[in-house]
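Position 4 of the sequence shown, counting from 1, maps to 4 under our numbering, and the rest follow consecutively. We put the CB at the ideal spot given by N, CA and C, even for glycine. Single-structure report; data block below.
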Amino acid sequence: MFSIDQSPNPIPVSAVTLLGSKLTLNIEAVKGTYEGKVSADGNSIVGTWTQGSALPLELLRTTKQTAWQIDESTHKVLFINVDANVKLEILDWGGSGRPVVLLAGLGDNAHVYDDFAPKLTGSYHVYAISRRGFGASSVPETAYSADRLGNDVLA
């Protein structure tokens, strides 16, 4: 399972049960469950997501145009706290040699380097940073001055 507003990392589904058209998913890692009814054409599931409280959730089969892209790059995803309630997404491709830090420009996130960074790992240990407000990094309402953004990178 992927939670696109939480992290690019998959969350393991502990159990899947399909009885007739009733689908049940148990996700122990987040203490959540989903129970729904699969439509006759198999293109949707209407049900309820429960994680503390219950919320209606309709799942629709994706198309090529609507499918969420799954990150297949060889990096590890890390998060580093840089300020009160602010964490930055750090991608680590590994490698040998001196560290190289790739900093995505404003408007992009560290995944812009998914194809390029692995080419450097033969000579460097390669990292990339998604600045606050981009990618999976925190999006605080304030604190986007040049000095604060610079301090984030140093942290």
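Residue i, buried or exposed, once every other Cβ within 10 Å from all chains shown has been counted against 16
{"i": "G20", "result": "exposed"}
{"i": "R61", "result": "exposed"}
{"i": "W93", "result": "buried"}
{"i": "L91", "result": "buried"}
Sequence-distant residues of its chain with Cβ nearer than 7 Å to residue i (five each side left out)
{"i": "S130", "result": "L88, E89, A104, N109, A110, A136 and S137"}
{"i": "P12", "result": "A29"}
{"i": "V46", "result": "G36, K37 and E58"}
{"i": "G32", "result": "W49, T50 and Q51"}
{"i": "V16", "result": "L25"}
Selected residue, minimal CA-CA separation from residue i, among the options
{"i": "A143", "options": "A54, D83 and P118", "result": "D83"}
{"i": "K22", "options": "A40, V101 and R148", "result": "A40"}
{"i": "G150", "options": "Y113, L106 and H75", "result": "L106"}
{"i": "K76", "options": "L25, A117 and M1", "result": "A117"}
{"i": "F2", "options": "T17, L18 and I27", "result": "I27"}
{"i": "S123", "options": "I80, S14 and S96", "result": "S96"}
{"i": "I80", "options": "P10, R132 and S145", "result": "R132"}
In DSSP terms, what residue i is bridged to
{"i": "G36", "result": "L23 and G47"}
{"i": "S130", "result": "E89"}
{"i": "V16", "result": "L25"}
{"i": "H125", "result": "G95 and P99"}
{"i": "S53", "result": "Q51"}
Cβ-based neighbour list, residue i, same chain, cut-off 6 Å, excluding 5 preceding and 5 following
{"i": "P99", "result": "H125"}
{"i": "A155", "result": "V82"}
{"i": "D114", "result": "S73"}
{"i": "P140", "result": "V86"}
{"i": "V101", "result": "Y127"}
Ranges of the beta strand (DSSP E) found wholly within the stretch 55-103, counting only runs of at least 3:
List check, beta strand (DSSP E) in window: 76-83, 86-95 and 99-103.
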